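Quick note, the sequence shown lines up with residues 1 to 281 if you use this note's numbering.
For each residue, glycine too, the CB sits at the ideal point set by N, CA and C.
Remember, it's a predicted structure, so these values are computed and weren't measured experimentally.
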Amino acid sequence: MNYRHAFHAGNFADVLKHAVLARILLHLKAKDAPFRVIDTHAGTGLYDLTSEAAVRSPEWKDGIARLIGTSLPPAVAEILAPYLAIVGPLMGKTRPHYPGSPLIALALARTQDRLSFIEKHPVDSEKLKGAIAGDRRAKALALDGWLAWNAQVPPPERRGVVLVDPPFEEPGEFTRMAEGLKAAHRKWPGGTTMLWYPIKDARSVERFTDDLAASGIPKILRIELDVDRIGGEGPLAGTGLIVVNPPYTLEKEMAVLLPFLARRLARGPGAASRIGWIAGE
Ligand code: SAM
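Now the structure itself:
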């Protein structure tokens, strides 16, 4: 386990992932019934952007920094509002911080909602416990997120979202993700699931999405953002999200947000975005 999210916090991939997570949670809040958030690879919850890791790898400067304190088209501002309302105050401090998925989820959850954060790395898991300390709605568990995913579904609330956001530092993670989804979907067909993936080479992604298309699971939305040409040297240039059982509003919101993010977060001429259904109803 070499991956440390502190080197990447607030980058373009975090922006997309966290903006989508916020939209999904907003939709879940439209009903009073409680929901559950299960974050299988939760990270530390809060990232100091003045830390040694963030200073050595200031990816956030080409990510969240391009959205804070700048003017946004009104339709984009509306879509990003719940996300930026959480990030803005933390970024505005003398010592700017960026919230991870657990703090974003906690900020949007209500008293009746419950959150399970799983983080296997012993140091990061302790940091996560500190970041959420005292919040009785949330539990941080130092477990293997792949196993916990299956063990935690369906949650007692029967409504909610699972975020699966592994580091992709080992071979076979696409297969693991697809198999994990198939098993979890059998147990909880109605839950919303977000799968995050990097786009390093297009062929691995196609194999993964073909596998999902052949799974028989309905309502799978694919969302992708490239900030540069894929396959070039240098840092990650493309990211994707699979959303199973997305809110009915998400596709329209992404049709507005993605082209904007591709322009605003572009690092090179290959910036682009795509949205489409892998499987419909
Ligand atoms: N979801 C976080 C967010 O959006 O703020 C970022 C998570 S980061 C991409 C991936 C995390 O997974 C790392 O903190 C890493 O320590 C953790 N991790 C790696 N293998 C794991 C496993 N088998 N189970 C749970 N966590 C794991």
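When you compare the CB positions of residue i and residue j, do they come within less than 9 Å of one another, or not?
i    : j    : result
T209 : V161 : no
G63  : G10  : yes
D211 : T239 : no
G232 : A202 : no
T50  : P99  : no
P166 : H41  : yes
L21  : L128 : no
G280 : P189 : no
L341 : W196 : Missing from the structure shown is residue 341; the chain here goes from 1 to 281 and no further.
Taking the beta strand (DSSP E) that residue i belongs to, which residues open and close that run?
i    : result
R114 : 114 to 118
G238 : 238 to 244
G160 : 160 to 164
G276 : 272 to 279
L195 : 192 to 198
R222 : 220 to 226
Which residue's Cα is closest to the Cα of residue i: the options?
i    : options              : result
L108 : P171, V37, S204      : V37
Y287 : L103, R95, K93, P96  : The displayed coordinates of the chain run from 1 to 281. Any statement about residue 287 would go beyond what the structure contains.
T44  : R176, R186, R4, L265 : R4
H18  : L257, G276, W277     : L257
P34  : A42, T40, L261, L25  : L25
L181 : V153, A133, V15      : V153
Pop quiz: residue i and residue j are said to be a contact at Cβ under 8 Å. What is the actual Cβ separation, rounded to whole angstroms?
i    : j    : result
L265 : F12  : 5 Å
S101 : D144 : S101 to D144, Cβ: 18 Å. No contact.
Cβ of residue i less than 9 Å from any chain C Cβ?
i    : result
P189 : Checking the listed chains, one finds no chain C in this structure; it contains a single protein chain.
What first and last residue would you give for the alpha helix (DSSP H) that runs through residue i?
i    : result
Y83  : 74 to 91
W146 : 145 to 152
L258 : 250 to 264
A202 : 202 to 213
Just the C-alpha distance for residue i and residue j, rounded to the nearest angstrom, thanks.
i    : j    : result
P246 : A213 : 16 Å
R267 : V76  : 20 Å
S116 : L236 : 28 Å
L141 : R229 : 38 Å
A65  : E224 : 20 Å
G216 : R159 : 21 Å
A105 : G270 : 32 Å
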